[in-house]
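Protein chains in written order, with the working numbering: chain A, 3 to 119; chain B, 109 to 220.
A short worksheet on the structure shown next.
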Amino acid sequence: NAGVMQNPRHLVRRRGQEARLRCSPMKGHSHVYWYRQLPEEGLKFMVYLQKENIIDESGMPKERFSAEFPKEGPSILRIQQVVRGDSAAYFCASSRPPPGPTNEKLFFGSGTQLSVL
Amino acid sequence: KQEVTQIPAALSVPEGENLVLNCSFTDSAIYNLQWFRQDPGKGLTSLLLIQSSQREQTSGRLNASLDKSSGRSTLYIAASQPGDSATYLCAPRKAAGNKLTFGGGTRVLVKP
Numbered sequence: 003n004a005g006v007m008q009n010p011r012h013l014v015r016r017r018g019q020e021a022r023l024r025c026s027p028m029k030g031h032s033h034v035y036w037y038r039q040l041p042e043e044g045l046k047f048m049v050y051l052q053k054e055n056i057i058d059e060s061g062m063p064k065e066r067f068s069a070e071f072p073k074e075g076p077s078i079l080r081i082q083q084v085v086r087g088d089s090a091a092y093f094c095a096s097s098r099p100p101p102g103p104t105n106e107k108l109f110f111g112s113g114t115q116l117s118v119l
Numbered sequence: 109k110q111e112v113t114q115i116p117a118a119l120s121v122p123e124g125e126n127l128v129l130n131c132s133f134t135d136s137a138i139y140n141l142q143w144f145r146q147d148p149g150k151g152l153t154s155l156l157l158i159q160s161s162q163r164e165q166t167s168g169r170l171n172a173s174l175d176k177s178s179g180r181s182t183l184y185i186a187a188s189q190p191g192d193s194a195t196y197l198c199a200p201r202k203a204a205g206n207k208l209t210f211g212g213g214t215r216v217l218v219k220p
């Protein structure tokens with residue numbers, strides 16, 4: 003059972019370009035969470051999605067950022083017109099549908115390191 | 109809004125010593141709390157999940173305690189090894205399916 007897969011592992015973009023980050027959850031997991039980690043800072047929640055639904059996007063900037071989790075395929079975090087301040091590690095996590103003690107653990111991917119030149 | 113604080117921010121110990129990592133959170137109405145380990149440049153590995161109704165959870169050399177009413181959790185690592193060197197993060201969760209809120213982490217270095 004493969005873990006949470008994120009790609010690309012590293013992404014370099016110039017200011018003004020678009021960045022697309024992909025996350026394939028673990029098999030049987032239908033809930034996806036995106037987090038951002040700035041250098042020397044903790045992980046900050048961005049968005050929580052179920053298939054075809056955004057459940058909580060309270061941590062996502064209102065402009066330039068969007069996320070989706072289609073019925074088929076990976077979850078995508080999209081950043082338009084990137085700026086230097088977007089440089090960070092972006093982590094995706096997945097879980098089974100709650101509730102239930104065994105369903106509550108979040109499993110994280112290895113992250114995508116975004117560098118904006 | 110939940111605020112999570114981890115003390116100390118960094119810890120350096122000789123191999124074999126026991127580690128005590130503290131986590132405090134401002135909103136004690138939590139559903140569960142998860143401890144993670146993060147190695148440099150890597151993702152997070154789940155260590156222990158403790159439900160709000162539990163007082164502690166154990167896995168091998170790791171033991172996590174939870175005092176929900178006072179908003180505290182402690183991670184104990186017995187007989188530390190150099191391979192335990194990493195950043196340890198705690199993350200309480202307010203409700204089932206809800207997001208995790210992370211502390212800033214404790215960076216641990218175990219010297220051989």
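Beta carbons: idealized from backbone N, C-alpha and C, even for Gly.
Quick caveat, the model's predicted, so the values are computed rather than measured.
Residue environment analysis places H12(A) among the exposed positions, since fewer than 16 neighbouring C-beta atoms fall within 10 angstroms of its C-beta.
In chain order, N130 place their CB closer than 7 angstroms to the CB of I115(B), counting only its own chain and leaving out the 5 sequence neighbours on each side. Apart from sequence neighbours up to five positions away, the residues of its chain that approach R16(A) with a beta-carbon distance below 6 angstroms are L119, ordered along the chain. E65(A) has its alpha-carbon roughly 24 angstroms from the corresponding atom of F210(B). Secondary structure note for A118(B): its beta strand (DSSP E) is the uninterrupted segment A118 to P122.
Where D175(B) is concerned, the enclosing beta strand (DSSP E) starts and stops at L170 to D175. Note on geometry: alpha-carbon atoms of P72(A) and S60(A) lie some 20 angstroms from one another.
Between A95(A) and E111(B), the alpha-carbon positions lie close to 21 angstroms from each other. Here T113(B) has S132 and G211 as same chain residues with Cβ atoms under 7 angstroms from its own Cβ, once five neighbours each way along the sequence are excluded. Segment contact: the region 134-154 of chain B against the region 106-116 of chain A, three or more CB-CB distances shorter than 8 angstroms; contact assigned. Against chain A, the CB of N140(B) has a partner CB under 9 angstroms away; the residue lies at that interface. By the Cβ test, the region 68-86 of chain A is not in contact with the region 116-125 of chain B, since fewer than three Cβ pairs between them sit closer than 8 angstroms.
Residues of the same chain with a CB within less than 8 angstroms of the CB of Q162(B), apart from the 5 flanking positions on each side, are L174 in chain order.
Judged by their CB atoms, T195(B) and R145(B) are nearer to each other than the 9 angstroms cut-off. The DSSP-derived three-state label of P220(B) is coil.
Sequence-distant partners of Q39(A) (beyond 5 residues in either direction) whose C-beta falls short of 7 angstroms from its own C-beta, in its chain, are L45, A90, A91 and F93. Distance from the CA atom of Q8(A) to the CA atom of L23(A), rounded to whole angstroms, is 8 angstroms. In the DSSP assignment, R16(A) falls outside any beta strand (DSSP E) and carries neither an H nor an E.
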